[in-house]
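Some notes on the structure that comes next.
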Amino acid sequence: MTLPFDVDAARADFPILETEIDGHPLVYLDSGATSQKPRAVLDAERDFLEHANSAVHRGAHTLAAEATELFEDARVTVAEFVGAEPEQLVWTSGATAGLNLVAGSLGYAGRLREGDEIVVTEAEHHANLIPWQELAARTGARLRHIPVLDDGMLDLHAAADLIGERTKVVAFPHVSNVLGIVNPVAKLVTLSRAVGALTVLDACQSAPHLALDLPASGVDLAVFSGHKIHGPYGIGALWGRDEVLEGLPPFTTGGSMITTVTLDRAEYLPPPQRFEAGTQPVSQAVGLAAAVRWLSAHDLPAARAHEAVLERRLRDGLRSIDGIRLLGDTDAAERIALQAFAVDGVHAHDVGQFLDSRGVAVRVGHHCAQPLHRRYGLTASVRASAAIHTTEEEIDTFLDAVSGVRGFFGVGANSTGARA
Amino acid sequence: MTLPFDVDAARADFPILETEIDGHPLVYLDSGATSQKPRAVLDAERDFLEHANSAVHRGAHTLAAEATELFEDARVTVAEFVGAEPEQLVWTSGATAGLNLVAGSLGYAGRLREGDEIVVTEAEHHANLIPWQELAARTGARLRHIPVLDDGMLDLHAAADLIGERTKVVAFPHVSNVLGIVNPVAKLVTLSRAVGALTVLDACQSAPHLALDLPASGVDLAVFSGHKIHGPYGIGALWGRDEVLEGLPPFTTGGSMITTVTLDRAEYLPPPQRFEAGTQPVSQAVGLAAAVRWLSAHDLPAARAHEAVLERRLRDGLRSIDGIRLLGDTDAAERIALQAFAVDGVHAHDVGQFLDSRGVAVRVGHHCAQPLHRRYGLTASVRASAAIHTTEEEIDTFLDAVSGVRGFFGVGANSTGARA
Amino acid sequence: MSGLESLYQELILDHAKNRRGFGLTEPGARSATVHQRNPICGDEITLRVELSDEGDRVASVTWEGAGCSISQSSASMLVALLQEDGGDNGMPTADADALIAQFREALRSRGKIPLDEETFGDAAALSGVSKYTARVKCAMLAWVALEEGLRQA
Amino acid sequence: MSGLESLYQELILDHAKNRRGFGLTEPGARSATVHQRNPICGDEITLRVELSDEGDRVASVTWEGAGCSISQSSASMLVALLQEDGGDNGMPTADADALIAQFREALRSRGKIPLDEETFGDAAALSGVSKYTARVKCAMLAWVALEEGLRQA
Ligand SMILES: Cc1ncc(COP(=O)(O)O)c(C=O)c1O
Ligand SMILES: Cc1ncc(COP(=O)(O)O)c(C=O)c1O
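Protein chains in written order, with the numbering used here: chain W, 9 to 428; chain E, 9 to 428; chain V, 30 to 182; chain A, 30 to 182.
What follows is the structure, encoded as C-alpha cells:
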C-alpha cells in the first residue's frame, strides 16, 4: 500500500504559500505560468553565491574549481532527472531560448528549403510556433498544423495525412498549457520517424508533473524551463540525441564554446558547450539541480496520484457550475491538473479579478496560445493550474469562488441580489 | 574635500569575502571574470521569490501585479544607471546574448550584403567577435579589424583608414577585458557617424567601474552583463537608441513579444518587448536593480578615486617585479584596475596555481581574447582585476605572491634555493 | 465597500452592459478610425471620432470592441462624458485632450488622485481602477484610442 | 609538504625543464600524429607515436607543445615510462592502453587512488594533481593524445 502524499510537508517548504491576499490565504493556482520555489532552491543558490561563486571552466583558483564542479554536477543531476546523459543536456535561458536555438540552428545549417514542411499543432504555445513561422519564412518551407478536435485531442488522422515525405520537422507540446491533455508522443514519433522527420518536444508543462525519460520517448530534441519546475528563472535545458546535437551548428556564439579563434574564424567545441555561448547562468543551474533534487526526494508516484485527485476535483467541480465552458474537456486522455475555462457573460479578466479578491491566483488571457483560443471562438480564458503543493481544500476554495462570479457580475439565473 | 572611500564598509556587504583558502584570507582579484554579489542583491532576489513571485505582464492577480511592478521598476532603475529611458533597455541573459541579438537581427533584417564591411578591434572579447564573423560569413560581408599597438592602444590612424563608406557596423569594447584601457569612444563614434555606420559598444568591463551615459556617448547600441556588475547571473541588458531599436526585427520569438498571432504569422510589439521572447529572468532583473542601487548608494567619485589608486599600485607593483611583462602598459589612457601579464618562464596556469595557494584568485588563460594574445605572442596570460571592494593591502598581498613565483618554479636569477 | 466592489461599482457594470456609443457610424468627412489593442489580455477597440466641420470640436464618437467590463464601461463612460459636457456643438478638441491627460494622470496615480464627478461624470466611478495597476490599461483603452483619433482626424 | 609542493614536486619541475621525447621525429611507416588541445587554458600538444613493424608495440613516442609545467612534465614522464618499461622492443600497445586507463582513473579519483611508483615511475609524482580537478586535464593531455594515436596508428 502506498501512503498518501504528504502535501502539508511539501507546502511547508514554500515560504510564499504563507502569503495573505486581502485577508485571504493565497491559493496559488498559476503554477502553469510560473511555479513557486521551495526553500531548498533558494538556499542552494544563495549558498553557492556566498561560498563558491566565481567563473566556471576557467582559471586555476580554488573557488573556480568549486564553482565548476557544482555547475557540472548540476548538469548531471538535471540530465538524470530526464533520463539523459550530461553531454546531451544544453543549458539555455529557458524553453523559448531552447526552441529558438533549434529552429535558428536548423536555419543556419541550411537544413530546410523551399518545398519542405514543418508540422506543429493547433495547440501550440507561441514559443513553439513563431520560431517555426520565422524559420519557414526565411527558408521558403511551409508551416502546417495538426488540428485540435472539439474535445481538445489532436486529430491523429489529420496528423497521419499531414506528416509526409516533405516533412522535415514535427514539433509539438507534450502537454498543452491550455488543454492540460498529455499528447500521444509515441504515435507522433512513429509517424515522424517513418518519414525521417526530426521531432521536437515542448516538455514545459510535463516536466513538473510527469516522469520523463526523454531518450526512451523517441523524440530527437526536447526543451523545458527551470522556472516552471520549481527552479530559478533564467535557466532551462535543451536535450538532444548525441547525433542530432552533433549535427547542429551553434545558434549563438561567443566565449566558452570555442577551441581556436582567429580574427577571421572560430572552431567550435562539441555539444553541449557548442551551444552555450558566454557566461552561463551558473547559480541558476545549481538552483535547478536543487529543484529536481527536491522533487525527487518525494514519493513521486504518490505525488502524481495526489495531482490526479486534484485534476478530477478541479474538472468535476467546474463542470458542475452553471455557465462554465471547459477547454479540452475529455476523459479519453491522461491529463495534468490544469484547466482552462470560459465563464458565460463574464470576461476572463473580470473573473480573475474576482477570484483574486478571494485570494485565488489564476491566469487570464490567451496564455500565449492565440490560435487555440481562436479555434474555440475565444480571445481569452481563465486557467487554474495546480502543483505538487496544491491541496484539495484549495481546489474547493477556488470552485466556491468561481460559483460566485456570475452572480457578482449580474449575469445568468441568480444575477440580481448577489451584490445587494 | 572628498572623504576617502570607505572600502571596509563596502567589503562588509559581501559574505563571500570572508572565505579562507588554505588558511589564507581570500583575495578575490577575478572580478573581471565575474563579480561578487553584495547581500543587498541576494536579499532582493530572495525577497522577491518569497513574497511576490509570479508571472509578469499577465493575469489580474495581486502577486502578478506586484511582480510586474517590481520587474518594470527594475528596468527603470537599470536604465537610469546608464542614463537611458526604460523603453530603450532590453533585458538579455547577458552581454553575449545581447551581441548575438544585434548581429542576428541585422542579419535577419538583410541589413548587410556582399561588399559591406564590419569593423571590430584586435582587442575583442570573443563575444564581440564571433557573432560578427558568423554574420559576415552568412551575408558575404567582410570583417575587418582595428589593430592594437604594442602599448595596447587602438591604432586610430588605421581606424580612420578602415572605417569607410563600405562600413556598416563598428563594434568595439569600451574597456578591453585584457588591456584595461578605456578606448576613445568619441573618436570612434565620430569616424563611424561620418560614414553612417552603426556603432555597437561592449560595455561589459566599463559598466562596473565608470559612470555611463550611453545616450550621450554617441553610440547606437551597447551591452553589459549583470554578473559583472555585482548583479545576478542570467541577466544583462542591451541598450539602443529609439530609432535604432525600432529598425531591428526580433532575433528570438515566442510569448510576450507579440500582439496578434495566427497559425501562419505573428505581429510584434515595439521595443523593448519585441526583443524579450518568453519568460524573462524576472528575479534576476530585480537583483540587478538592487546591484546598481547598491553601487549608486556609495560615493561613486570617491570609489572611482579608490579604484584609480588600486590601478596605479597594481601596475607599478607588477612593473617592479623581475621577469614580468604587462599587456597594455601605457600611461597615455584612462584605465580600470585590471592588469594582464605574463611571467617569464612560468606558464600562466602555474602562476595562477601558485597565487591560489596564497589565497589569491586571479584568472589565467586567454580570457576569451585569443587574437589579442596571439598579437602579443602569447597563448595565455594571468589577469588580476579589482572591484570596488578591493583594498590596497590585497593588492600588496597579490604583488608579494607574484614576486615569489619565479623562485618557486626555479626560473630566473634567484632560482635555486627558493624551495629548499 | 470592499476593494472589489469599489473597482466594480454598479455604475461600471451598468455601462458595461448598456454601452453608450457602441456600434460604429458611417465614416464622415472629418473622421478618423483607430484600432487599439491590449496585447496582454486581448481586449480591443475600434473607435471612430468625427470632428465638427471646423475641426475644432468632437462631433461624435462611436466604437466597437470586446473586452473586460472595465474596458467596455470606460469606453461607454467616455462617450457619455463627451455627449454630456459637449452639448449640442460637441466638446472642443482641446478640452477633450485635456480630459484624457487628466484621466491618465489620475489612473496612473495608484489611488492618489481621484477622478472628480464634476469633471468626469460617470467615469469618476473608474477611480478605483488606479489601485489595480494591471487594470489601468483596460480603463485607458478607449481614451488612448480617442487621443490617437484626435491626432489623426 | 604543502598542497602546492605536493603538486609541484621537484621531479615535476625537472621534467618540465628537461623534456623527454621533446621534438618530433620524422614520421615512419607505422606512425600516427595527434594534435590535442585544452580549450580552457590553451595548452596544446602534437604527439607522434611509431609502432613496431608488427604493430603490437610502441616503438617510439615524440612530441612538441606548449603549456603549463604539469602538462609538459606529464608528457615527458610518459615518454620516460614507455622507454623504461618498454625496454628495447618497446611496450606492448595493450599494456600502454592499460596504463593510460589506470592513469586516468587515478587522476579522476580526487586524491583517492594514488599512482604507485612501481607502475608509473616518475609519473607517480603526478598523484598530487588528482586533488586539483582543474589541473587533471593538463596532466592527461599527452596521455589522451597517445591513446588517440594508438587507435589511429
Ligand atoms: C569585454 C567583454 N565582453 C563580453 C563579455 C561576455 O560577457 P558574458 O559572458 O557575461 O556574456 C565579457 C565577459 O566575459 C567581457 O569581458
Ligand atoms: C507549453 C509551453 N511551451 C513553452 C513555454 C515557454 O516557456 P518560457 O517562457 O519559460 O520560455 C511555456 C510557458 O510559458 C509553455 O507553457
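Beta carbons: idealized from backbone N, C-alpha and C, even for Gly.
Nothing here was measured: the structure is a model prediction, and the numbers come from that model.
Could you compute how far the alpha carbon of residue i sits from the alpha carbon of residue j?
i, j, result
"residue 136 of chain E", "residue 162 of chain E", "16 Å"
"residue 51 of chain V", "residue 263 of chain E", "32 Å"
"residue 312 of chain E", "residue 176 of chain E", "35 Å"
"residue 337 of chain E", "residue 392 of chain E", "14 Å"
"residue 208 of chain E", "residue 196 of chain E", "11 Å"
"residue 41 of chain A", "residue 15 of chain W", "58 Å"
"residue 346 of chain E", "residue 93 of chain W", "39 Å"
"residue 70 of chain A", "residue 372 of chain E", "7 Å"
"residue 39 of chain E", "residue 259 of chain E", "30 Å"
"residue 213 of chain E", "residue 106 of chain E", "15 Å"
"residue 151 of chain W", "residue 126 of chain W", "5 Å"
"residue 230 of chain W", "residue 222 of chain W", "7 Å"
"residue 241 of chain W", "residue 134 of chain V", "34 Å"
"residue 65 of chain V", "residue 87 of chain W", "45 Å"
"residue 334 of chain W", "residue 326 of chain W", "8 Å"
"residue 97 of chain E", "residue 72 of chain E", "22 Å"
"residue 178 of chain W", "residue 356 of chain W", "32 Å"
"residue 314 of chain W", "residue 169 of chain A", "50 Å"
Between residue i and residue j, how many whole angstroms is the CB-CB distance? I'm expecting something under 8 Å.
i, j, result
"residue 175 of chain A", "residue 95 of chain A", "Contact doesn't hold; Cβ gap of about 18 Å is too wide."
"residue 158 of chain A", "residue 136 of chain A", "6 Å"
"residue 87 of chain A", "residue 108 of chain A", "The pair is not a contact, with the Cβ atoms about 10 Å apart (cut-off 8 Å)."
"residue 101 of chain E", "residue 243 of chain E", "7 Å"
"residue 405 of chain E", "residue 35 of chain E", "5 Å"
"residue 7 of chain W", "residue 411 of chain W", "The requested residue 7 of chain W is not part of the displayed model; chain W covers only 9 to 428."
"residue 306 of chain W", "residue 45 of chain W", "Residue 306 of chain W to residue 45 of chain W, Cβ: 15 Å. No contact."
"residue 30 of chain E", "residue 32 of chain A", "6 Å"
At the 9 Å Cβ level, is residue i part of the contact set with chain V, yes or no?
i, result
"residue 354 of chain W", "yes"
"residue 77 of chain E", "yes"
"residue 153 of chain E", "no"
"residue 268 of chain E", "yes"
"residue 434 of chain E", "Residue numbering for chain E in the displayed model covers 9 to 428; residue 434 of chain E lies beyond these limits and cannot be assessed."
"residue 238 of chain E", "no"
"residue 374 of chain W", "yes"
"residue 68 of chain E", "yes"
Could you tell me whether any Cβ in chain W is nearer than 9 Å to the Cβ of residue i?
i, result
"residue 1 of chain V", "Outside the shown range of chain V, which is 30 to 182, sits residue 1 of chain V, and nothing can be said about it."
"residue 72 of chain V", "yes"
"residue 162 of chain A", "yes"
"residue 180 of chain A", "no"
"residue 191 of chain E", "no"
Could you tell me whether any Cβ in chain E is nearer than 9 Å to the Cβ of residue i?
i, result
"residue 69 of chain V", "yes"
"residue 141 of chain A", "no"
"residue 126 of chain W", "no"
"residue 137 of chain V", "no"
"residue 133 of chain V", "no"
"residue 98 of chain A", "yes"
"residue 213 of chain W", "no"
Got a sec: is the Cβ-Cβ distance from residue i to anything in chain A below 9 Å?
i, result
"residue 365 of chain E", "yes"
"residue 338 of chain E", "no"
Give the range of the beta strand (DSSP E) segment to which residue i is assigned.
i, result
"residue 80 of chain A", "73-80"
If you follow the alpha helix (DSSP H) that residue i is in, where does it begin and where does it stop?
i, result
"residue 90 of chain A", "Counting along the chain, residue 90 of chain A falls outside any alpha helix (DSSP H), though it belongs to the beta strand (DSSP E) covering 86-95."
"residue 305 of chain E", "Neither: residue 305 of chain E is in no alpha helix (DSSP H) and is coded neither H nor E."
"residue 179 of chain V", "162-181"
Whole runs of the alpha helix (DSSP H) within the segment 143-203 of chain W, excluding any shorter than 4 residues: 164-170, 193-202
Start-end ranges of the beta strand (DSSP E) lying completely within the segment 241-292 of chain W, minimum 3 residues: 244-248, 266-269, 274-276
Segments of 3+ residues assigned as beta strand (DSSP E) that fall wholly inside the segment 53-134 of chain E: 97-100, 125-129
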